[in-house]
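In case it helps, the working numbering puts the sequence shown at residues 1014 to 1109.
Just below is one structure, and these are the notes that go with it.
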Amino acid sequence: MDWEAFAARVGANLRRARHLRGLTLEQAAGGAGATRYLRELEGGARNPSLAKLHELAALYGVTVADLVSVPGARQSSPTLDRQPAKPPPVGRKPKR
């Protein structure tokens, strides 16, 4: 999926979450910034910051993952699911 398609998908998810919450664009913008900015986010014309996604997710009662999810995509990453290795203690060299 290219970036434009992903941005459009995030915008659609934002719009759907807002509608499910029963909020108009103006009502949501009152809690999340300007109406024009939110309209552009929902249209895929702007890219929200992580802070803005977090704010909107809280306003809509969903998770950030809900807002950036893509239908049919894997929902977890084996790389991210692995436990990170513990770093060696400070001042000691790792065992070989």
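Where is the CB? At the ideal position from N, CA and C, for every residue including glycine.
Euclidean distance between Cα positions of V1023 and V1103:
One C-alpha to the other measures close to 42 Å.
_I need the straight-line Cα distance from R1029 to E1068, nearest angstrom please._
Approximately 16 Å, taken between the alpha carbons.
So L1038 and L1027 are supposed to be a Cβ contact under 8 Å. How far apart are they, rounded?
No, L1038 and L1027 are not in contact; Cβ-Cβ is about 10 Å, not under 8 Å.
Please go through the region 1062 to 1088 and give each complete alpha helix (DSSP H) segment of 4 or more residues, from N-terminal end onward.
The DSSP assignment places complete alpha helix (DSSP H) segments of no fewer than 4 residues inside the region 1062 to 1088 at 1063 to 1073 and 1077 to 1081, in order along the chain.
request  = Let me know if A1041 comes out buried or exposed under the rule of 16 or more other beta-carbons within 10 Å of its beta-carbon.
outcome  = Buried, by the Cβ-count rule.
> Just how far apart, CA to CA, sit D1015 and A1078?
Replying inline: C-alpha of D1015 to C-alpha of A1078: approximately 18 Å in a straight line.
- Message: For L1093 and T1076, I'd like the C-alpha separation in whole angstroms.
- Response: Note that L1093 scores 46 on pLDDT, short of 50, meaning its location in the model is unreliable and no value can be drawn from it.
Looking at G1043: is its Cβ nearer than 8 Å to the Cβ of A1020? G1043 places its beta carbon 8 Å or farther from that of A1020.
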